[in-house]
Structures are given as structure tokens and as C-alpha cells.
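In terms of this note's numbering, the sequence shown opens at residue 1294 and continues consecutively. Don't be surprised by glycine CBs; every beta carbon is placed ideally from N, CA and C.
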Amino acid sequence: MEHFPKQTGSANQPTQRIYDNAASLAHLPSREQMERDLDSAIANILSQQGQDAQNVVPPPPAPVASPVAAPVNTPSPSAPAAQPAAEVRSAGITVGERILLCVAAAAMLLCGYLISSQNMIFSKESTGGQNCSMEFDSEMSVMVSGAVSDIADLPRVYVLPYADEPAPKPDKEAFTTTKYTPIGFDKPITVQHYEDETITVNCWREQYLGATINMSEVYIAHPTQFRRAFAGGSYESKVRYTPVAIAKNVNAVIAMSADYCQYRKEGVVIHHRKLLRNNASRKLDVLLYDVDGNLHTVKDVELESSGILEKYDILYAFTFGPALVEEGKACDRKHLQNYSMGEVTSVEPRAAIGQIGERHYILCTVDGRTQRINFTQEEMDKILAEITDPVLYEQKLEEFEHPGFQPSGLTIVQLANFMESKGCSTAYAMDGGQTATMIFNDKQYNTPAYGGQRTVSDILYFSTALPEE
């Protein structure tokens, strides 16, 4: 049993300190004051509408066909009482009033960005100010989205804060399983599924070049639903847990092992826009995720000179690699085979992430080294006799001389070709081997190498953005 430090707070509970601190920095009213001002403006408009409705002169009564005395105009006990001004809102408001209130909501959002801009000026000397600005910006977006949705009947947008606290818990009843047999297949395929208003995930397995590929296709409503989590709750923590344990702790819908950044000192780490490590030593490929939900790759030695940090607002950076697909094409074979991180030419368990479209991604783990070698001498001789490639012959002979787990998986070139075939515009290899693990619905989805999960420092994951009820 693995124990975690107690984490307080929830992704759907605003922190008053964030608003008050950010407001004081920009010399603006606090969040509560802005909410009161907006509520007051709405109440005044609706109250005026109610008064106007009461001041309308009723039309003259229609002539009565028979000489019956007209009834006395007194309220009936069963007649409904006059609506208070606060309830007139349910009857609808005019287009002009909607526009006015939308402008007020947009002004609130602009205030949030002004605060963000001012904080970024002094954030070089104050990390707390930067974090305060980012969280205020996220919370303000949610608040304005809710206000505009209520006023203009637009879809509500759910935004998660840039913080290490757990995401909202997914609806357990939204996890489903189905089976179907595609045309040309003899056996049914099992697809596991999760869907709510903010995220759709499909998981399945397929065979490619004799290897078992565990796939997950993910759609998210907002870029903040792509997240990174550290085993101890922060980058500074040096503890390690299994990927399943970390995923459970942060309420992940779907998760995968990441770059295992605490295992090595080189490379680039960016977390919640903050550059935590920039140690370029081996010309490694770096994966960047920006606040619009797009993936980019860059050489670690070119991180600053390329201008990519100025061009995009980078939220996360991972360092393992190599880059597999760029601009929709598998990367150069020579680059892939000469990459300096990991075992790139042999068949190995693998892990990769790719982007297909806007907020549309695939995760991939390749099973390998899951079965022990158990050949007789006669079987080994037969296998060796069928091999014509001298290099492959030597590799197979060494495997037989050192019995253990059966090598299986994909080479890095094969993985790049596979990710290209899935329609990725950008794809990147994460730490493979025994590290490669996929988690869905709090359970291990793939079969890790050597029969079990490795404890790691970090994962990447996707979560729901629906607030918990």
C-alpha cells in the first residue's frame, strides 16, 4: 500500500486568496466586490424591466355581448401574485440587455488579463505572483463563461486551474465497455470508453508487426484537461510511486507514464509555465505543450535560441524522445537510429503520445518482454538455422545464451511509422521499457515489461473538467 501526502483543495473550488491577492496587486476590486457589482447591475436592469411592465396601460375592455354587470376588478384568491423583480429574469430579457451584460462580462475577463500582464512583469522575482496570476486567469475564465452562458444561452466552458491539486473525480458510471467484430476479423475487439461533457476516451488493443499495441484516443473540451502529475505532488518531491498509484491520486480518466524526469539530470522541465530545468547536454528532442493544447518539438540546445518560448505560451515540457512525427511525416530514419537516449534500434516496449487535431490526441504503449524464454535446444537450433542476417543471428544467439524474458516490441523507426499511420501531425516517444504503462479507470491497461510496474516520478494524464456534485 502506497501512502500519499494529504492534498487539500479541489479543482472546482475557487480559492478566495487567489482573487484577493491578484486584485490587490493590480489595485482592482476583489472578486467578491466584482461579483456584487455585476449582480447589482443585473438586478437594476431586471428591476427596471419589472417596473416598466407594471406601468404599461392595459387596453380597454372588449364590449360585452349581454347586459351583464362587469365584474369588480379585485384580485382573485387563486390568481398568481405579481412576480418580484428578481424573478422576472426567468421570463427572458431583451437583446440589448443581453449585449450589455455580455460586455460587462467581457470587461471582467479583460481585468483578469490586465492583472495577468502586470503580474508577469514582476514574476521574474516572485514565483508566487506568477502562480497567483495564472490561477486568477483560469478562475476568471470559468466565472465569465458561466455569466455569459446564463445571459446569452451559450455553452458553458469548464476550465481547470494551473495547479498540482487533483482534478475533479470522473463519473464512474460513465466508464463503459463494448465489443464488436470489424469486417475481415475473426475475433471481436473490446473497446473501453469514457465520455462526459468535457472529455471522450476510447481504449483498445491492436497488433502491429507482431507486437501488441495499447491505444487510447482522447478528445478534450479545454487544454487545461491535459495535465502532468508528480509522485509526491510537486517537482521538488523525490519520491516515486507506480503510475497507477499516481493516476488514482489525481483522478485521471486516462494516464500514461511520462519522461521519468527525476531519474536523470539533463534535459528540460517546464511545469505550469515555469522553467524548472534547462540542462542541454546531449542534443535531445524536447516535447512542448502550449496553453492552446498543441504539441511542439524542439532540440534542447535550441530551446532559447529558436524563439519557440516567445512564440508559444508553453505549459509543460518533457525530455526523452526522440520526436517521432513532425508536420505529419515520420522523422528521418538516420535521426531516429542515432538518437542518444534509450534503446532505439532493438525491439523494446515503447510509449508515445501524438496529436491528431485540435485537442485530439492518441496515447500508445507497446507491450514487450512479457513472456519468458522457454525453448528446447532443438527449437533454438531451428530458429537460428532460419536466420540469414548475421547481425540478427548474433543477437538471437546472445538471447539464447542468457535466458530471460523474450524480447518483443518495436524499434523506434517502427514506432514512428505506426504513429504516422494513425494520422499524427506531431508524435513523441516517452520513456519505454518497464516504465511504459497506461492507466484507464484507475487500472493498469497494458502489460508492462518483466511482469510489473516500475515506480516512477511522474505521469501525464487527461481528466474531466466537470465539477464534482
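Would residue i and residue j be called neighbours here (beta carbons separated by less than 8 Å)?
{"i": "Val-1618", "j": "Leu-1629", "result": "no"}
{"i": "Phe-1523", "j": "Asp-1751", "result": "yes"}
{"i": "Tyr-1738", "j": "Asn-1507", "result": "yes"}
{"i": "Val-1591", "j": "Leu-1581", "result": "yes"}
{"i": "Ala-1720", "j": "Gly-1647", "result": "yes"}
{"i": "Pro-1459", "j": "Asn-1571", "result": "no"}
{"i": "Glu-1260", "j": "Leu-1759", "result": "As shown, the chain starts at 1294 and ends at 1762. That puts residue 1260 outside it, with no answer to give."}
{"i": "Asn-1710", "j": "Ala-1623", "result": "yes"}
{"i": "Leu-1656", "j": "Leu-1677", "result": "no"}
{"i": "Ser-1718", "j": "Glu-1620", "result": "yes"}
Can you tell me the Cα-Cα spacing of residue i and residue j, whole angstroms?
{"i": "Ile-1732", "j": "Ile-1547", "result": "6 Å"}
{"i": "Lys-1567", "j": "Val-1706", "result": "33 Å"}
{"i": "Asn-1544", "j": "Pro-1463", "result": "7 Å"}
{"i": "Thr-1658", "j": "Arg-1643", "result": "5 Å"}
{"i": "Thr-1612", "j": "Asp-1332", "result": "47 Å"}
{"i": "Val-1584", "j": "Tyr-1609", "result": "9 Å"}
{"i": "Glu-1762", "j": "Ile-1492", "result": "17 Å"}
{"i": "Gln-1727", "j": "Arg-1329", "result": "55 Å"}
{"i": "Asp-1457", "j": "Ile-1601", "result": "25 Å"}
{"i": "Ile-1607", "j": "Tyr-1556", "result": "23 Å"}
{"i": "Gln-1746", "j": "Ala-1336", "result": "58 Å"}
{"i": "Tyr-1455", "j": "Thr-1517", "result": "7 Å"}
{"i": "Leu-1596", "j": "Leu-1588", "result": "14 Å"}
{"i": "Tyr-1654", "j": "Leu-1708", "result": "16 Å"}
{"i": "Arg-1575", "j": "Asn-1631", "result": "12 Å"}
{"i": "Glu-1418", "j": "Glu-1603", "result": "Confidence in Glu-1418 is poor, its pLDDT being 39 and thus under 50, which makes the residue's placement too unreliable to answer from."}
{"i": "Pro-1683", "j": "Lys-1627", "result": "21 Å"}
{"i": "Lys-1736", "j": "Phe-1468", "result": "12 Å"}
{"i": "Ser-1599", "j": "Gln-1688", "result": "41 Å"}
{"i": "Lys-1558", "j": "Gly-1525", "result": "18 Å"}
{"i": "Pro-1481", "j": "Tyr-1512", "result": "24 Å"}
{"i": "Arg-1449", "j": "Tyr-1605", "result": "26 Å"}
{"i": "Leu-1453", "j": "Asp-1479", "result": "43 Å"}
{"i": "Asp-1674", "j": "Ile-1680", "result": "10 Å"}
{"i": "Glu-1278", "j": "Gly-1635", "result": "With the chain covering 1294 to 1762 only, the question about residue 1278 has no answer from this structure."}
Assign residue i to one of two classes, buried (16 or more other C-beta atoms within 10 Å of its C-beta) or exposed (fewer than that).
{"i": "Asp-1593", "result": "buried"}
{"i": "Ser-1633", "result": "exposed"}
{"i": "Pro-1536", "result": "buried"}
{"i": "Pro-1461", "result": "buried"}
{"i": "Thr-1483", "result": "exposed"}
{"i": "Gln-1670", "result": "exposed"}
{"i": "Pro-1615", "result": "buried"}
{"i": "Gln-1423", "result": "Residue placement at Gln-1423 is poorly supported in this model, since its pLDDT is 49, which falls under 50; the coordinates are not used for a value here."}
{"i": "Ser-1550", "result": "buried"}
{"i": "Tyr-1312", "result": "Note that Tyr-1312 scores a pLDDT of 38, beneath 50, so its modelled location is shaky; the value from the coordinates is reported in the next line. Per the 10 Å Cβ criterion, buried."}
{"i": "Asp-1625", "result": "exposed"}
{"i": "Ile-1539", "result": "buried"}
{"i": "Ala-1504", "result": "buried"}
{"i": "Thr-1474", "result": "exposed"}
{"i": "Val-1561", "result": "buried"}
{"i": "Leu-1753", "result": "buried"}
{"i": "Ser-1756", "result": "buried"}
{"i": "Val-1579", "result": "buried"}
{"i": "Arg-1533", "result": "buried"}
{"i": "Leu-1685", "result": "exposed"}
{"i": "Gly-1477", "result": "exposed"}
Would you please state the rounded distance, in angstroms, between the beta carbons of residue i and residue j? I believe it to be under 8 Å.
{"i": "Pro-1741", "j": "Ala-1722", "result": "Contact flag wrong, Cβ pair sits at about 16 Å."}
{"i": "Arg-1652", "j": "Gly-1586", "result": "5 Å"}
{"i": "Arg-1269", "j": "His-1564", "result": "Here the chain comprises residues numbered 1294 to 1762, so residue 1269 is not present and cannot be evaluated."}
{"i": "Val-1749", "j": "Tyr-1553", "result": "5 Å"}
Relative to the C-alpha of residue i, which residue among the options is closest?
{"i": "Glu-1498", "options": "Lys-1576, Ala-1522, Lys-1472", "result": "Contrary to the premise, residue 1498 reads as Arg rather than Glu in this sequence. Of the listed residues, the one whose Cα sits closest to Arg-1498 is Lys-1472."}
{"i": "Glu-1713", "options": "Gly-1525, Ala-1645, Ser-1530", "result": "Ala-1645"}
{"i": "Thr-1704", "options": "Gln-1648, Glu-1488, Ile-1649, Glu-1641", "result": "Glu-1641"}
{"i": "Tyr-1451", "options": "Thr-1474, Ala-1514, Asn-1572", "result": "Ala-1514"}
{"i": "Glu-1466", "options": "Tyr-1743, Gly-1744, Asn-1734, Phe-1755", "result": "Asn-1734"}
{"i": "Thr-1470", "options": "Lys-1480, Pro-1481, Gln-1485, Ile-1476", "result": "Gln-1485"}
{"i": "Tyr-1501", "options": "Ser-1599, Lys-1558, Asp-1660", "result": "Asp-1660"}
{"i": "Ser-1527", "options": "Lys-1558, Tyr-1512, Glu-1559, Leu-1569", "result": "Leu-1569"}
{"i": "Gly-1763", "options": "Pro-1481, Arg-1662, Tyr-1512", "result": "Outside the shown range of the chain, which is 1294 to 1762, sits residue 1763, and nothing can be said about it."}
{"i": "Ser-1639", "options": "Glu-1559, Ser-1701, Ser-1598, Asp-1674", "result": "Ser-1701"}
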